[in-house]
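4 protein chains.
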Amino acid sequence: MARTMVLEKFNEPLVEREYPETELAAGELRVRLAASGICGSDIHMAAGHDPRTPLPIILGHEAVGYVDEVGGEKLDLLGRRVEPGRLIAWDRGVTCSKCAFCTIKRQPYLCSSRKVYGINVSCKEPPHLVGGYSEKMHLYAGTNVLMIEPGVDPVSLVAAGCSGATAVHAVEEAALMPGGVAVVQGAGPLGLFAAALLRERGAAEVIVTDLKPGRLQSAPRFGATRVLDIGATDQKARAEAVLEVSSGFGADAVIDCTGHPAAIKEGMSYCRRGGRYLPVGIAVPVGETSVSFYEDVSVRNLTVQGVWVSDTSHFYQAVKLVTGGRYPFEELVSHRFKLSEANQAQKAAVSADAVKVVLVPEEAA
Amino acid sequence: MARTMVLEKFNEPLVEREYPETELAAGELRVRLAASGICGSDIHMAAGHDPRTPLPIILGHEAVGYVDEVGGEKLDLLGRRVEPGRLIAWDRGVTCSKCAFCTIKRQPYLCSSRKVYGINVSCKEPPHLVGGYSEKMHLYAGTNVLMIEPGVDPVSLVAAGCSGATAVHAVEEAALMPGGVAVVQGAGPLGLFAAALLRERGAAEVIVTDLKPGRLQSAPRFGATRVLDIGATDQKARAEAVLEVSSGFGADAVIDCTGHPAAIKEGMSYCRRGGRYLPVGIAVPVGETSVSFYEDVSVRNLTVQGVWVSDTSHFYQAVKLVTGGRYPFEELVSHRFKLSEANQAQKAAVSADAVKVVLVPEEAA
Amino acid sequence: MARTMVLEKFNEPLVEREYPETELAAGELRVRLAASGICGSDIHMAAGHDPRTPLPIILGHEAVGYVDEVGGEKLDLLGRRVEPGRLIAWDRGVTCSKCAFCTIKRQPYLCSSRKVYGINVSCKEPPHLVGGYSEKMHLYAGTNVLMIEPGVDPVSLVAAGCSGATAVHAVEEAALMPGGVAVVQGAGPLGLFAAALLRERGAAEVIVTDLKPGRLQSAPRFGATRVLDIGATDQKARAEAVLEVSSGFGADAVIDCTGHPAAIKEGMSYCRRGGRYLPVGIAVPVGETSVSFYEDVSVRNLTVQGVWVSDTSHFYQAVKLVTGGRYPFEELVSHRFKLSEANQAQKAAVSADAVKVVLVPEEAA
Amino acid sequence: MARTMVLEKFNEPLVEREYPETELAAGELRVRLAASGICGSDIHMAAGHDPRTPLPIILGHEAVGYVDEVGGEKLDLLGRRVEPGRLIAWDRGVTCSKCAFCTIKRQPYLCSSRKVYGINVSCKEPPHLVGGYSEKMHLYAGTNVLMIEPGVDPVSLVAAGCSGATAVHAVEEAALMPGGVAVVQGAGPLGLFAAALLRERGAAEVIVTDLKPGRLQSAPRFGATRVLDIGATDQKARAEAVLEVSSGFGADAVIDCTGHPAAIKEGMSYCRRGGRYLPVGIAVPVGETSVSFYEDVSVRNLTVQGVWVSDTSHFYQAVKLVTGGRYPFEELVSHRFKLSEANQAQKAAVSADAVKVVLVPEEAA
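Put into structure tokens, the structure is as follows:
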């Protein structure tokens, strides 16, 4: 039996439940979780804002853990046999590899039947343990996993699975030329990953904006060459800062990691002619934004690129970024809670000083 | 002296003027025009809607002609010496090849100091003859020209220089995979070029929409596999038609060639998840369009790609498409006028049955 | 029980054997074959030249057929439920979707554990029926299948599964710009597919070379704009022909579909500076070829691109090309034999007048 | 009058000559050189090995300097007016922006009439001062220049103009995915730039090989994560090292910066299936190399990418890398000589301990 925290009704506290560990078929894994993140979307889901949410559900889609049991033989992404006891990370999305998106169109992140742990699979039926707010997780045979080298702190990896992978997707689409100028709106986990990845792609300048002092302070350690405090500057000043570092051209790419509708028009205005705007942080409906297609898009030859979730290549690149050790991803973790404190953890996740909140085993909390 | 028709005041008829032929420096050309198109933007410019318009101006940015005189030696795009008497076409935009857009960013169509015949150069100062509503044109040394093989009808080439080149730019950005499904909104010269080019890129299905019967009839000869009459269908029926030919996915790419604001939201809705929407026809301000970034862009991983003018590679590809002879581009020309009838020609260009209106020399009219 | 023709010993005739039809697990299919191709590699395999060949084996990796039975529910690539009685085609390669090539590197054609019907799976163990020289075939659950619209001639589809898909892969890597010039060496099924695909990508000129009169005659119906008879021209004349159609530059892309070592140096020499050479036809060792890296590769900024097999997107595009009906793929089939005549069919496949040899059911032979 | 060192006869010492400073036309510049590099190709040219070399010639194609005089108005790549006294760098190649390579094919580095200072222009005719072994240089109006911010050490920029720009070209073509594994053969200026650029593109591992202790010691400061001493390891050990850091796959990209024929086959063998081999360092004929196309190229789906010189975007990116300050490019300069010591400088450039040898003004030497 494994302990879990279950969302049974929207807008009510998670309740502790136990589920049996099922027998493993070939390629399935059971994992003892080492760290499990609270993501902003968990909060939206608990409030019933996400129509994909089946009840009851064990929330939690970003987690890493130690292999508890292996069904038959399982190879990781690099072809290595997965061994019990090893720390592993995995792509939170399980895709079918047979639909048009997985094959013909080469956009597996849009898989017609993508299953995501903690998001669109209920714990009602076996194998039950398919979310991260849990002692253990069951991984489907279709899950793509990666064994992690010894010495990596599990909590540093939590955000790689969701924010990190999505940021890789966005930065890949940003197609920044080395030596280029980028803006990242928002310095939460998504934004800090994006900043670091832009830096890894050779950006000469990465401007990061946010409101929260803690996040603004972290940004330079994640590749930001300049930070703009939204509370202490007006839009005109920010626009001037972008022009200043870009020789008057505007940014080659702007990545929105806030999800705030107000950021959209401002972010588009930062782009240079021929630049790219990537709204990545929009995880829930934000209403209508008015766009002047002639002035904003056509004359400026602008690319607006929606970015939805991620694929296994993005996931892998995100993990490599963390394990590469060039950025202090362990610092992203602002709060640690025990599994049984998942309700407090969710509250902490929306507090002013939160960056990343994680659930860890009792002995590590 | 060469005769021209000059726009001296906005909203007044063009007036006939003569200008002297200036002496040619090395690399400059003088051309006796064989055909010169009336473009929709000419009408906007004559009405003073385009802030780039310097008065007095000889309108006309799409033209082809016979080489009259060569200043020194001039090579064409394929390295051949340009000879008097030869029919030539040229890129209407003259770029600097030295700014960041021409060099670093590899987007020469966005050149910081792009000069366009008939659009942003006045006829006030020598060399005067820098627009297409004229007997002759002066081509700057920086102009990229292409000698045309004997046997090609000059009027078939007119639209290649502007609509054709812009359509190539759009279709290149559409990045359609062979076997894909595309929609082209609007079957004017821009839309018909786009349809043919999509077909040339291996599209399995090209749906073309328009209101005008003549255009709808032409579309199948320019690659359309299905035409939708905007007047005889409602949006629901059109959406169903797109789903039908795309196995329920929606179009891989939708190219708007109408410039009508109403087309934007409809066109975006035709795209499949992970598809591309390219508003190309928007040549003048169209006001604000409301976009639901979550539903329209983010969740759908949609690309919205503004497309502004074109570069010399686009121009060349457009000319090759015409001279390749697979599509009846001479059919695009619905009306021919003499130079002195340029005012009537402009009126005809906005008539219901116009596709392409061209000015031709007296003997050919 | 299903009848098959089995290779039990290298260099000995195939022998007729019967195998039982096994029970189908979820996602598996049994197919009654409508047409099954003899590929050049089959001949190499029968002679023991391909180290991947496990004995006993039912050769045959390109086939189409009617669904006989479905294990549980099976969706095709477009998400449609596969129904008994429907004609289907399938990707001959079954990939794992979990290894680094399938996921991280996005090169699923290089999958570490790719299984290919008729090539690297023996018929010794159940499900036995895993090759195309057979009445029926068993398709693994991981097989990507596509239902074919009624009215398509099955034999026209045979070559799409191997030559067609590989040609799509090659032409994709050739990255030809519309209006460009290409050369295809060899006008067998691979070469004719390549020619048609280049034409579909907007090639202005496609030169096709071969020795066999029948193939040279077919080439223009598959997109060739010019054919060069290797027997009736010398290399100098061929090089001049390439220069002539390319304004003296040389070809943008040259695709070798002969597999003859002599073709390599000649083909590389046809490329323009900055062009691409793609040796695609090399299916067995051809010995050493000497390359002058300075003159042949570096100074010329040449790309030499090896192309190995294909992925499901390539397969799909090849089938769409055939069903699109623009090229007479049924003409590729020069010989038809009954299954029991597989040994004669293999002999015919190496005869001078063969293009494509297929096995068809008794009633269709 | 400006002092220069001129190559008048192959295999004879350079001789000191003075040339007059000519009057500047619009867009032309005269520059007082601050630092001028001795490149390996200079040595080849002085020995008469490069057929492009016109005599007499002022060698030297990588240089930076202070603006002495401006003909009319000249804008730099970022649109800023070039002012006397400012330190500038420039693209050593002057392209026509009108030929098929500059326009249609978008490969301006292959420009049909590319002029390169110090390489294919003689000093015989005015403006004479078109090579870097000189007090001053004349820059043609077509030259693309970039003003350098104050505080940058001129000698640190010398190699950016040739080795740096070429390395950017190569690394761009290497198309390494972030998190990937690369090998750079040779740790001279070209190799060290390549290593740093690969690191800037997010390489997880960059293995650098060389023979010279000084170069091997420098490599880690230029992004190398591992260095292999060719003198202290055999090929088997090196191959194992590549496999070790690449989880057994082999390198995603291998860039040869040695130009030694022996490196080619070894380098190709380091590539993983589906990887890329880029021979960049081959600047003079190296004879024939035998390639087994089946085993080396086809089965492995290998890309062999020749890389010839560079364009202005490459040049700009190289300069940005240097001025970004993340790598100690000033350390590349192992020797400094006065202009009058150019013959000694050339000797030093081929010595065992040389990395980069530069000529500097008398007061800086």
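Protein chains in written order, with the numbering used here: chain Z, 1 to 365; chain G, 1001 to 1365; chain U, 2001 to 2365; chain V, 3001 to 3365.
By construction, the Cβ of each residue, glycine as well, lies at the ideal position given by its N, Cα and C atoms.
Quantities reported herein were computed from a predicted structural model and do not represent experimental measurements.
Note down the Cα distance separating D3042/V from S3334/V, rounded to an integer number of angstroms. 17 Å
Of all Cβ atoms in chain G, is any one closer than 8 Å to the Cβ of Q2107/U? no
Considering only the alpha carbon of each residue, which of V357/Z, G275/Z, L321/Z lies closest to R336/Z? V357/Z
In chain order, each beta strand (DSSP E) run of at least 3 residues that lies wholly inside the region 2221-2257 of chain U: 2226-2229, 2251-2256
Option in V3155/V, V3082/V, P3285/V, S3269/V with minimal Cα separation from A3063/V: V3155/V
Name the chain G residues that come within less than 7 Å of S3112/V, Cβ to Cβ? G1079
Measuring only the C-alpha atoms, how far is G1306/G from P2054/U? 55 Å
Neighbourhood of T1258/G by C-beta distance below 6 Å, restricted to the same chain and skipping five residues each side: Q1185, G1186, G1281
As a quick exercise: from G1048/G, K1124/G, L1176/G, pick the residue whose alpha carbon is nearest that of E1018/G. K1124/G
Beta carbon of H1061/G nearer than 8 Å to that of G1164/G: no
Quick one: is N2120/U near chain Z, going by C-beta distance under 8 Å? no
What does Y316/Z touch in chain U if you count any residue whose Cβ is under 9 Å from its own? A2100, T2103, I2104
Taking buried to mean at least 16 other C-beta atoms within 10 Å of its own C-beta, is N2301/U buried or exposed? buried
Which one or two residues does DSSP pair with D2210/U in a beta bridge? D2229/U
Can you pull the chain G neighbours of A2204/U, defined as C-beta to C-beta under 7 Å? K1320, G1324
Is it a yes or a no for the region 1094-1107 of chain G touching the region 349-356 of chain Z, going by three-plus beta-carbon pairs under 8 Å? no
With a threshold of 16 other CB atoms inside 10 Å of the CB of K136/Z, please say whether the residue is buried or exposed. buried
Mind checking if L2007/U is an interface residue toward chain Z, Cβ cutoff 8 Å exclusive? no
Touch test, the region 1063-1073 of chain G against the region 1191-1210 of chain G, Cβ-Cβ under 8 Å, three pairs minimum: no
Length-filtered (3 minimum) beta strand (DSSP E) runs lying within the region 3278-3317 of chain V: 3288-3292, 3303-3305
Taking only beta carbons into account, state which residues of the region 1060-1079 of chain G come closer than 8 Å to chain V, listed in chain order. L1075, L1077, L1078, G1079
Please identify, using Cβ separations under 7 Å, the residues of the region 1179-1206 of chain G that lie next to chain Z, in order along the chain. none
Is it right to say Q3346/V is buried, meaning 16 or more other beta carbons lie within 10 angstroms of its own, or is it exposed? buried
Does the pairing of the region 2202-2222 of chain U with the region 2281-2293 of chain U give three or more beta-carbon distances under 8 Å? no
Evaluate N3144/V with the Cβ neighbour count: other Cβ atoms within 10 Å of its Cβ, from every protein chain shown; 16 or more gives buried, anything less gives exposed. buried
Beta-carbon contacts of L3380/V that lie in its chain and below 7 Å, excluding the five residues immediately before and after: Because chain V is modelled from 3001 through 3365, residue 3380/V falls outside the range shown and cannot be assessed.
Could you tell me whether any Cβ in chain Z is nearer than 8 Å to the Cβ of T2312/U? yes
Could you tell me the distance, in whole angstroms, from the CA atom of G1072/G to the CA atom of K2236/U? 35 Å
Would you mind giving the Cβ-Cβ distance between E1205/G and V1181/G, rounded to the nearest angstrom? I have them listed as a contact below 8 Å. 4 Å
Taking only the alpha-carbon atoms, compute the straight-line gap between C2111/U and T1095/G and give it to the nearest angstrom. 47 Å
Close beta carbons around G1223/G, own chain, < 6 Å, minus the five adjacent residues each side: A1195, A1196, R1199, V1206
Here's a check: name, in chain order, each residue in its chain whose Cβ is nearer than 6 Å to the Cβ of D1311/G, leaving out the five neighbours to either side. P1108, Y1109
Spatial distance of T2166/U from V2116/U (CA atoms): 14 Å
E2069/U: first and last residue of the uninterrupted beta strand (DSSP E) it sits in: 2063-2070
Where does N1011/G land, buried or exposed, given buried means 16+ other C-beta within 10 angstroms? exposed
Nearest neighbour of V2183/U, chosen from C2271/U, R2003/U, V2284/U, L2146/U [CA to CA]: C2271/U
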